[in-house]
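**Student:**
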Amino acid sequence: MEKRTVLWYMAFWGFAINYMFRMNINIAIVSMIKHSIPKTNVTIIQHECPRNTEQLTSNNTLAPNIFTVDLNDNKFEWNEHQQNLILGAFFTINWMMQLPGGVLAQRYGTKTVFGISNGVAAMLSFAVPATAKFNYKALVLLRVVQGLISGPSWPSMHTMTANWIPAHERSRFVSAYLGSSIGTAVTYIMCGYLIATFGWESVFYVSGGLGLLWSIFWILLVYDTPAKHPTISIRERTYIENCNIKTIQFRAKPSPIPWKSLLLSKAVLINLVTQTGGLWGLFTLAAQAPSYFNFILGLNIKQTGLWSGMPHFLRWAFSFGLSMICDRLVKTKRMSMTNVRKMATLFCNVLQGLFILGFCYSGCDSVAAVIMLFSATAVNGAISSGALAAVVDIAPNYAGVIQGIIGTISTSTGFISPIVVGYLTYNQQTLSQWCKVFHLSGAICICTGFIYIFFGTSDIQKWNTYNDPVVNEKELKSIVKKPPNSSYAMDT
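Under our numbering, the residues of the sequence shown are numbered 8 to 499, in order.
1. When you compare only the Cα positions, how much space is there between phenylalanine 224 and tyrosine 368?
2. Enumerate in chain order the residues of its own chain whose CB-to-CB distance from phenylalanine 354 is below 6 Å, with the five nearest sequence positions on each side excluded.
3. Would you be able to state if there are at least three C-beta pairs under 8 Å between the segment 275-285 and the segment 447-455?
4. Could you tell me the boundaries of the alpha helix (DSSP H) in which lysine 349 lies?
5. Can you check which of these residues, Asn249, Ile412, Ser178, Thr12, is closest to leucine 111 by C-alpha distance?
6. Could you name the residues of the same chain whose beta carbon sits closer than 6 Å to that of phenylalanine 22, not counting the 5 residues immediately before and after it, in chain order?
7. Quick check on this structure: which residue in Trp470, Phe28, Trp20 has the alpha carbon closest to the alpha carbon of serine 268?
8. Could you tell me the boundaries of the alpha helix (DSSP H) in which histidine 446 lies?
9. Grab the span of the alpha helix (DSSP H) containing tryptophan 266 for me, first residue to last.
10. Identify whether phenylalanine 83 lies in helix, strand or coil by the three-state DSSP scheme.
11. Using alpha carbons as the reference points, say which of Glu208, Ser373, Trp161 lies closest to isoleucine 303.
12. If distances are taken between C-alpha atoms only, which option among Asn33, Met8, Tyr16 comes closest to phenylalanine 327?
13. Just mark leucine 9 as buried or exposed, buried being the case when its beta carbon has 16 or more other beta carbons within 10 Å.
14. Assuming arginine 177 and valine 399 make a contact with CB atoms under 8 Å, what is their CB distance in whole Å?
15. Quick one, which of Ala35, Gln410, Leu14, Tyr459 has its alpha-carbon nearest glycine 316's?
16. Determine the burial state of leucine 14: buried for a count of at least 16 other Cβ atoms within 10 Å of its Cβ, exposed for fewer.
17. Of the choices His319, Met344, Ala234, Trp323, whose alpha-carbon is the least far from that of aspartate 466?
18. In whole angstroms, give me the CA-to-CA distance for tryptophan 171 and serine 298.
19. Give me whichever residues DSSP pairs with isoleucine 40 in a beta bridge.
20. Contact between the segment 112-131 and the segment 150-159 is defined here as three or more beta-carbon pairs at a separation below 8 Å; is this criterion met?
21. Evaluate glycine 216 with the Cβ neighbour count: other Cβ atoms within 10 Å of its Cβ, from every protein chain shown; 16 or more gives buried, anything less gives exposed.
Below is the structure:
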């Protein structure tokens, strides 16, 4: 088996594990909170979705065909603001390690940075149940730290991708990043059954154990460059280095970073806007779908986990299938790299936004809602062939740093979105309020998608081979010293 293939599998499962830590609380929180229902005869009616009406009998048991509410549990009385604070805590300062993650990977290697990131996050997962029982603020703090530790993962992998993967194979390799979708899907489905069988605490113990198991294999099987791999064939190493020789600078020391050119690059800015828009839609659906299905549509915890998780299998499948088509189009020169990335962005952002809008109009029809969720999540998988892959296209020498900058901004949607949703739905768990959430998310996706379609590029930037260490080191200082109203020409 080629070492690039081994790397693909390890990256795939690494991102799957990484997203287990991010997403497990989204489904667990449904069973962590106490439903404030008095222990008397009462009928709870979802007026907008009457088929989900619940009948409560005098012995505090629910009638058939409804979701389970245990009135005698010892759960947490968290309101909507507190719940969304917990849901968004992971991303609160996750962005702070995005840029350092790219820089650290360039200096110390992706093996070290990505491995430590996932390994420490796995250990912290074991502490979630005890922390939640102690105090919700302590849980928020723990999730903040877990998010901070996980921050370097995505940008660090771009450095390894640039070192290992030829240009015409990148779309397919970057589909490994969408292991995050499999991680999300497995988490939702697995957690639904774990919670129903063993309780919500088991979610975090299983996630942590899987993370530590992956870390062992990562240490044993992965190396930062073909040159460092002790068992790679001479044929494969020569092939990789010959393919990348024009764009990658193989050096004993990391290449100095052309800060000014990079930060003022039009290509980087457009990519940032595009990734941010796509992630807003994805994070909103991933974080809020379990609550929406449970509280608005009245699905039980197993159904909630199943329907929230299944779309992410489709996301990865769509990503992998489209990536093979895109790589083929580039290799046969039927489409330029730029047009391939724009086509993928049409799916990832524009179509995703349209499906999110359709989600709103599904109303109480749970089948239609599930179809919209499946479709919106699936087409987002095109990001692996779109803006995400374009980062490596425009500047492979600094791909990790660039993705770190982009991630610093784009991942902020992970904590901003729950705050917005909490504000819009606070004490108003109604279809009309949720429609406001979907309208906003859909508009953001569509607008940012068209920005990339009109102005995006995958052309390699001239500063990718910027090779003057003295100038490079002075550039960051010059940005700080320049007054805010100074203007610079952007690289195109």
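Quick reminder that beta carbons are idealized off the backbone N, C-alpha and C, glycines included.
**Tutor:** Here's the rundown:
1. 46 Å
2. Val386, Ala389
3. yes
4. 344-352
5. Ile412
6. Tyr184, Gly186, Ser187
7. Trp470
8. 438-462
9. 266-270
10. strand
11. Ser373
12. Tyr16
13. Before going further, note that residue 9 is glutamate rather than leucine in the sequence given. Exposed, since its Cβ has fewer than 16 Cβ neighbours within 10 Å.
14. 6 Å
15. Ala35
16. buried
17. Met344
18. 41 Å
19. Phe83
20. yes
21. exposed
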